[in-house]
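Working notes for the structure below.
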Amino acid sequence: MLFHMRLPRNTKEFILFLGIISIISVCLIGSLIIGFETGFNLEIWQHSLKRLPFIWLAVVTIVLLVHPLADRLAKKIMAEDDSFNSQMIVTTLCNVLMISILMTIIGTWIGTGTVSLDPLYHFFYKWPRNFAIAFAVEALLAQPIARQVMYLIHTH
Numbered sequence: 223m224l225f226h227m228r229l230p231r232n233t234k235e236f237i238l239f240l241g242i243i244s245i246i247s248v249c250l251i252g253s254l255i256i257g258f259e260t261g262f263n264l265e266i267w268q269h270s271l272k273r274l275p276f277i278w279l280a281v282v283t284i285v286l287l288v289h290p291l292a293d294r295l296a297k298k299i300m301a302e303d304d305s306f307n308s309q310m311i312v313t314t315l316c317n318v319l320m321i322s323i324l325m326t327i328i329g330t331w332i333g334t335g336t337v338s339l340d341p342l343y344h345f346f347y348k349w350p351r352n353f354a355i356a357f358a359v360e361a362l363l364a365q366p367i368a369r370q371v372m373y374l375i376h377t378h
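Structure, rendered in C-alpha cells:
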C-alpha cells in the first residue's frame, strides 16, 4: 500500500517526482560540494548558481540512464518482504552510489568549465565526501519530500 501511495504511478507523476528530487538535490548537494571545494561565501555561491542548470541537466540524464541498473542491484540486495522504508533506503543507496561516482567526475568538469583528468586524480579523495553529502540529502530531504508530494496527490 505504501509503495502505491508514495511512488509515481504514471509518466506525469514520474516527471514531477524526478523534478522535485533533482531540483532539491542539485541545489543542496551542488552548493555544499562547491562550498567545500572553494569555500563558503556569497560570491562563490552566486557564481555557482550559473553552473547549477547544467549540473541539473547532467543529473537528470544520469538518473535516467543509471536508475534501471541501480534498481536491479537493489532488488538483488533486498528480499521481497522487506519493509517499505528498507526498500527505499537500499534503492536510494544504490542510485546515489552510481550517480555520485559519475557526478564526482562530470560535476567537476561542469563546475570548472574544463574537461581534464583532475577529477580522476583526486577521485578517491573527493568521492567519499560527495557520496556522503548526496546520500544524506537524498535520504533525509529529497526523497521524503517527493514521496510526501506523491502521497498528497494520491490521497486527493
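If you count the sequence shown from 1, position 113 lands on 335 in our numbering, and the numbers rise without skipping.
Just so it is clear, CB atoms sit at the ideal spot from N, CA and C, and this is done for glycine as well.
All figures in this text were calculated on a predicted structure; none of them were measured in a lab.
- Assuming ILE328 and LEU254 form a contact by the criterion Cβ under 8 Å, report the distance between their Cβ atoms to the nearest whole angstrom. As a first step, residue 328 must be located in the sequence shown, where it is residue number 106. As a first step, residue 254 must be located in the sequence shown, where it is residue number 32. Not confirmed; about 17 Å, so no contact.
ask   = So LEU274 is in the alpha helix (DSSP H); what residue range does that whole segment cover?
value = In the sequence shown, counting from the first residue as 1, residue 274 sits at position 52. Residues 274-299.
| query | So VAL248 packs on TRP278, CB below 8 Å; how close in whole Å? | reply | Counting from one through the sequence shown, the residue named residue 248 turns up at place 26. Counting from one through the sequence shown, the residue named residue 278 turns up at place 56. Between TRP278 and VAL248 the Cβ distance is about 5 Å, and since that is below 8 Å, they are a contact.
- ALA364 versus THR233: straight-line alpha-carbon distance, rounded: What you label residue 364 is simply residue 142 of the sequence shown in a count that begins at 1. What you label residue 233 is simply residue 11 of the sequence shown in a count that begins at 1. Each residue's Cα considered, the two are about 19 Å apart.
**Asked** On the three-state DSSP scale, how would you describe GLU302?
**Response** Translated into positions along the sequence shown, residue 302 becomes position 80. Coil.
| request: Go ahead and pull the three-state DSSP assignment for THR336. | output: Your numbering for residue 336 matches position 114 in the sequence shown. Note: THR336 maps to coil in three-state DSSP.
Alpha carbon to alpha carbon, how far is THR326 from THR260? Give it in angstroms, no decimals. Here residue 260 is taken as the residue at index 38 of the sequence shown, counted from 1. Here residue 326 is taken as the residue at index 104 of the sequence shown, counted from 1. Computed Cα separation, rounded: 15 Å.
**Asked** Between ALA368 and LYS272, what straight-line distance do the alpha-carbon atoms span, to the nearest angstrom?
**Response** Working through the sequence shown from its first residue, we reach residue 368 at position 146. Working through the sequence shown from its first residue, we reach residue 272 at position 50. Approximately 25 Å between the Cα atoms of the pair.
Legend entry - Contacting residues, own chain, Cβ-Cβ under 8 Å from ALA280 (five flanking each side not counted): Here residue 280 is taken as the residue at index 58 of the sequence shown, counted from 1. Around ALA280: MET325, ILE328, GLY329 and ILE332.
Just to confirm the assignment, what range does the alpha helix (DSSP H) spanning GLY257 have?
Counting from one through the sequence shown, the residue named residue 257 turns up at place 35. GLY257 -> alpha helix (DSSP H) spans 253-260.
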